[in-house]
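Residue numbers for the sequence shown follow the working numbering, so the first one is 28 and each next one is one higher.
The beta-carbon is built from N, C-alpha and C at its ideal position, and this holds for glycine as well.
Contents: one structure, followed by commentary.
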Amino acid sequence: YDGMGRQADAVRAIGKAVAFAEGPERAKLRFEAGRRLSALGRQEEAIREFAVLLKDQPGDLEVRRNLFSAAKAGGHNDLLAQALMEAAGSCEDEVVGIHLVTESAYLYRDKLKDAEKAILLFTQVLQSEAADPRVKLNSAHMLVDLLAEVGRPKDRLEVLDRLAVLEPAESLRLAVIGTAARLAEEIGLSDVAIAKWTERLARNPRDMEALDSLVDLYEASERWEPLAGVLAARAAAGVRREQRRSDLVRRA
28 YDGMGRQADA
38 VRAIGKAVAF
48 AEGPERAKLR
58 FEAGRRLSAL
68 GRQEEAIREF
78 AVLLKDQPGD
88 LEVRRNLFSA
98 AKAGGHNDLL
108 AQALMEAAGS
118 CEDEVVGIHL
128 VTESAYLYRD
138 KLKDAEKAIL
148 LFTQVLQSEA
158 ADPRVKLNSA
168 HMLVDLLAEV
178 GRPKDRLEVL
188 DRLAVLEPAE
198 SLRLAVIGTA
208 ARLAEEIGLS
218 DVAIAKWTER
228 LARNPRDMEA
238 LDSLVDLYEA
248 SERWEPLAGV
258 LAARAAAGVR
268 REQRRSDLVR
278 RA
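This is the structure we're talking about:
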């Protein structure tokens, strides 16, 4: 068939041979079928062949490369994402499985624009014990943005709590805690906001944003005793003379 230029017939013959072959020979024939189908422009069929191979050999980089290539050539990101998820579901190696889930999550976010599905997958990565800390960190960042996009502030607040633990630098952890505190204020969780600003203040007694926010929160909730304490703390935190005098008068 190749000698006569009948590539489609050659693919059909290989497909029939797959049904009779076993083990490595069957995988080799299926890979050849997928490669030839892709070369013929029959990308959906090629993806199906590579998807079956990936499910059986989820760690095979060559299979994944050809799968991605066929999906890109045909614009079939939906089939690619589905193939990755099916392979992840049958994968015994949890590290490889999480890598496949992560790739699928990015496809749903960036190519398929399916925020809810991406949230589901990034959450799976974040909760996995097999995921690398850096992968978890990136997943948490993705979730923070996606949950804001779909309007799920309480879920976003939970992810910010995880992110505050995962961030490697103290300055970044403090920034995340501040974001969580402001979000808690926005959705009416004053006690949560107070707890988070208090955590910030415990790490840096001169944190003016934390001090100002706690003053406002305590005053709004008429908690006079803790308000007096925060006013004294702010007065001692190196503020301008006028501010210091005002805080001490209010405290008295």
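Taking the alpha-carbon positions, what's the R161 to A100 distance?
-> Straight through space, the alpha carbons of A100 and R161 are spaced by roughly 31 Å.
Indicate the three-state DSSP secondary structure (helix, strand or coil) for S217 in the structure shown.
-> Looking at S217 - three-state DSSP - the assignment turns out to be helix.
C-beta atoms of L184 and V203 nearer than 7 Å | Not in contact: L184 and V203 (Cβ atoms no closer than 7 Å).
Going by CA-CA distance only, name the one from P232, L56, Q151, L190 that's closest to E121.
-> If we check each option's Cα against that of E121, Q151 comes out closest.
Hey, out of L244, A97, R200, whose CA is closest to V219's CA?
-> In terms of Cα proximity to V219, the closest of L244, A97, R200 is L244.
Just confirm the distance between the C-beta atoms of L153 and K163, as a whole number of angstroms; I'd bet it's less than 8 Å.
-> Right, the Cβ-Cβ distance comes to about 6 Å (below 8 Å), so this counts as a contact.
Below 8 Å on the Cβ atoms is my guess for E113 versus K82; work out the distance and round it to an integer in Å.
-> Rounded to the nearest angstrom, the Cβ distance from E113 to K82 is 6 Å, consistent with a contact under 8 Å.
Given that a residue counts as buried once 16 or more other Cβ atoms are within 10 Å of its Cβ, and exposed if not, what is W251?
-> Counting Cβ neighbours within 10 Å, W251 comes out exposed, since fewer than 16 surround it.
Contacting residues, own chain, Cβ-Cβ under 6 Å from S166 (five flanking each side not counted) = Within the same chain, and ignoring the five residues on either side of S166 in sequence, the residues whose Cβ sits closer than 6 Å to its Cβ are F149, V152, L153.
Continuous alpha helix (DSSP H) stretch holding G304: start and end = Only positions 28 to 279 of the chain appear in the structure, and residue 304 is not among them; the question remains open.
Under the three-state reduction of DSSP, which class applies to H168: helix, strand or coil?
-> Helix at H168.
Could you tell me which of V177, A208, H168 sits nearest to A190, measuring between CA atoms?
-> The identity of residue 190 in the sequence shown is Leu, whereas the question assumes Ala. Taking each of V177, A208, H168 in turn and checking the Cα distance to L190, the smallest one comes out for H168.
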